[in-house]
Amino acid sequence: MTATSRLYFWDTARAVLILLVVALHAAAAYCTVIPWWHVRNAATGPAFDLLLSMLDGFLMPTLFFIAGCFAPGSLARSGPRGFFRAKVWRFTPTLLLYMLTLLPLMTYVGYVSRTPEPMGFFTYLMAWLASGADLGVHLYSTVADGLAARDMLSPHHLWFLVVLVGLFGGLALWRTIFPDTHGATAATAATENTPRPVRLPVLLAAGLGMAAACTLVALGVPDGGWIRATALVMVQPTRLPLYVGFFALGAYTAARGGLSSPWPGAWWLWLPVAGVSLGVMFAAYPAVLGPGRGPLPLVCAYYLGRTFLCLGVVGLLAALSRPGATQTPAPGRLSRTLAASSYHVYLLHMPVVVILQYALLDAALSMYAKFGAVWLGSVAVCVLASRAWRGVTGRAEGWRTSRRRRAIPGDAA
7 MTATSRLYFW
17 DTARAVLILL
27 VVALHAAAAY
37 CTVIPWWHVR
47 NAATGPAFDL
57 LLSMLDGFLM
67 PTLFFIAGCF
77 APGSLARSGP
87 RGFFRAKVWR
97 FTPTLLLYML
107 TLLPLMTYVG
117 YVSRTPEPMG
127 FFTYLMAWLA
137 SGADLGVHLY
147 STVADGLAAR
157 DMLSPHHLWF
167 LVVLVGLFGG
177 LALWRTIFPD
187 THGATAATAA
197 TENTPRPVRL
207 PVLLAAGLGM
217 AAACTLVALG
227 VPDGGWIRAT
237 ALVMVQPTRL
247 PLYVGFFALG
257 AYTAARGGLS
267 SPWPGAWWLW
277 LPVAGVSLGV
287 MFAAYPAVLG
297 PGRGPLPLVC
307 AYYLGRTFLC
317 LGVVGLLAAL
327 SRPGATQTPA
337 PGRLSRTLAA
347 SSYHVYLLHM
357 PVVVILQYAL
367 LDAALSMYAK
377 FGAVWLGSVA
387 VCVLASRAWR
397 GVTGRAEGWR
407 TSRRRRAIPG
417 DAA
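Just so you know, we're using my numbering here: the sequence shown kicks off at 7 and counts up by one.
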């Protein structure tokens, strides 16, 4: 696989992962384990519990790994200060804009779906914004907590951006303190054509370390608990070691040569690692279910399964993308469109999902048909919105470029 094909592969992989994030949220209305979800269908089923648990097992750590792979190259080009400033200016206005517009609209739809005589939207919006005055740190660990918090100012699915900015800040700080220990960036390794193999002992040590960290956190916090710190930070403490660890693993991969670095093992070895780990995670799941905690060995087994499921998925993708692993044709129009739209799909999808779930509440369809309609409909709406936005911004950028290049009266020819 050439370097260009490898980039196409990872762009497509990231787009597919985000489509699966949309599927996860589309399934939330039809599962039995999230009673605080904004819109609840009358019929629910355990099949959606399994789908949601499986997707939740590997999606976000894998996305953090991909972000970690690309971050060091960007940092090397602009320096720690410029890198972090650019990330803050890219993500913070977007987050604040959504928290003032689409996110309260989304939660209002959920509020209307369960309230016989709902207040008007602007009254609801004022109450939503007022809840942001709570600057405390709260742990939501029970169903009652989730029900009470769903109408509070929150980043909701955009918690990912907040954590990502924090990780970018941590990476920039590391490079500031240790400027001579960064090794080869993805850009320099590609130039020198000297990618180094990713070491299996490092992967095993990282996996065991992340599983141990998750287990330690779970001794004090339920597996499904969330921490809210002011209105901007929402994160699951038992997942945070995986997010930090896989982002760091991505940065380590970048230091070995980026996406060109050979990973140990073939794809057909990583696939059963993911499958067996998923089975272990499911088998040990009762140990972390609910506010209590099961036997410690089962808790350890659960987090080992969760961690090595993520590692198996990342290893599978890395093995498929390495030189000579597969013959990958140039991406078609659909793949290019999905890859180009993936960021906007992530930003937009959750409000669209909730609105479609509400629209289909009383439809004479099975919950499986509703799920499919919500998933595919949300993807279609978000991709079309992304294409429209990119078209507008592209024309605006072209206009600005032409204005800059236009001759100024009085200049010498």
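Don't be surprised by glycine CBs; every beta carbon is placed ideally from N, CA and C.
All of these numbers come straight from a predicted model, not from anything done at the bench.
Neighbourhood of residue i by C-beta, 7 Å cutoff - its chain only, sequence neighbours within 5 removed
{"i": "Val360", "result": "His44, Val45, Met112, Val115 and Gly116"}
{"i": "Leu26", "result": "Leu61 and Leu65"}
{"i": "Val169", "result": "Val241 and Tyr249"}
{"i": "Leu159", "result": "Met105, Trp134, Leu135, Ser137, Gly138 and Ala237"}
{"i": "Ala426", "result": "Here the chain has residues from 7 to 419 only, and residue 426 is not among them."}
{"i": "Leu322", "result": "Trp273, Trp276, Leu277 and Ala280"}
{"i": "Leu209", "result": "Leu317"}
{"i": "Phe314", "result": "Gly213, Val279 and Ser283"}
{"i": "Phe128", "result": "none"}
{"i": "Pro67", "result": "Leu248, Tyr249, Phe252 and Cys316"}
{"i": "Ser384", "result": "Val28, Ala32, His355, Val358, Val359 and Leu362"}
Nearest-angstrom Cα separation, counted from residue j out to residue i
{"i": "Leu57", "j": "Phe184", "result": "42 Å"}
{"i": "Val380", "j": "Pro243", "result": "29 Å"}
{"i": "Gly138", "j": "Leu164", "result": "16 Å"}
{"i": "Ala260", "j": "Pro297", "result": "39 Å"}
{"i": "Ser327", "j": "Arg12", "result": "6 Å"}
{"i": "Phe54", "j": "Thr38", "result": "8 Å"}
{"i": "Trp95", "j": "Gly175", "result": "13 Å"}
{"i": "Ala391", "j": "Asp229", "result": "36 Å"}
{"i": "Arg205", "j": "Gln363", "result": "45 Å"}
{"i": "Ala351", "j": "Pro357", "result": "It is Val, not Ala, that sits at residue 351 in the sequence shown. Those two C-alpha atoms are separated by around 11 Å."}
{"i": "Ala34", "j": "Phe97", "result": "26 Å"}
{"i": "Val286", "j": "Phe166", "result": "27 Å"}
{"i": "Arg245", "j": "Gly231", "result": "10 Å"}
{"i": "Val171", "j": "Leu295", "result": "30 Å"}
{"i": "Gly263", "j": "Leu340", "result": "29 Å"}
{"i": "Ile40", "j": "Ala49", "result": "13 Å"}
{"i": "Arg396", "j": "Leu353", "result": "14 Å"}
{"i": "Arg87", "j": "Ala178", "result": "7 Å"}
{"i": "Pro201", "j": "Thr10", "result": "16 Å"}
{"i": "Leu153", "j": "Phe90", "result": "36 Å"}
{"i": "Pro1", "j": "Phe377", "result": "Coverage of the chain is limited to positions 7 through 419, which leaves residue 1 absent and any answer about it impossible."}
{"i": "Ser119", "j": "Met125", "result": "12 Å"}
{"i": "Ala325", "j": "Ala211", "result": "19 Å"}
Reduced DSSP category for residue i - H, G, I as helix; E, B as strand; rest coil
{"i": "His144", "result": "strand"}
{"i": "Met112", "result": "helix"}
{"i": "Arg234", "result": "strand"}
{"i": "Val239", "result": "strand"}
{"i": "Ala370", "result": "coil"}
{"i": "Trp269", "result": "coil"}
{"i": "Leu159", "result": "coil"}
{"i": "His31", "result": "helix"}
{"i": "His355", "result": "helix"}
{"i": "Cys37", "result": "coil"}
{"i": "Thr200", "result": "coil"}
{"i": "Val360", "result": "helix"}
{"i": "Ala254", "result": "helix"}
Contact test: residue i Cβ vs the ligand ZN heavy atom, cutoff 7 Å
{"i": "Ala261", "result": "What this structure holds is no ligand at all, so the ligand ZN is not there to describe."}
Expected contact under 8 Å - CB spacing of residue i and residue j to nearest Å
{"i": "Arg393", "j": "Ser347", "result": "7 Å"}
{"i": "Tyr36", "j": "Met373", "result": "4 Å"}
{"i": "Gly142", "j": "Arg312", "result": "29 Å between Cβ atoms; not a contact."}
{"i": "Leu131", "j": "Pro99", "result": "The Cβ separation is near 19 Å, so there is no contact."}
{"i": "Thr18", "j": "Pro337", "result": "6 Å"}
{"i": "His31", "j": "His355", "result": "7 Å"}
{"i": "Leu255", "j": "Asn47", "result": "At roughly 38 Å, the Cβ-Cβ gap does not stay under 8 Å, so Leu255 and Asn47 are not in contact."}
Sequence-distant residues of its chain with Cβ nearer than 6 Å to residue i (five each side left out)
{"i": "Ala257", "result": "Gly74 and Pro78"}
{"i": "Ala29", "result": "Trp381"}
{"i": "Leu69", "result": "Leu23"}
{"i": "Arg156", "result": "Trp42"}
{"i": "Val389", "result": "Ser347"}
Close beta carbons around residue i, own chain, < 8 Å, minus the five adjacent residues each side
{"i": "Arg20", "result": "Leu69, Ile72, Ala345 and Ser348"}
{"i": "Ala293", "result": "Arg299, Gly300, Pro301, Leu304, Val305, Ala307 and Tyr308"}
{"i": "Tyr291", "result": "Ser59 and Tyr308"}
{"i": "Ala217", "result": "Cys306, Tyr309, Leu310, Arg312, Thr313 and Phe314"}
{"i": "Trp16", "result": "Ile72, Cys75, Leu265, Leu323 and Ser327"}
> What are the complete beta strand (DSSP E) segments, minimum 3 residues, inside the region 287-341?
Replying inline: none
> Where are the beta strand (DSSP E) runs, 3 residues long or more, that stay fully inside the region 50-94, in chain order?
Replying inline: none
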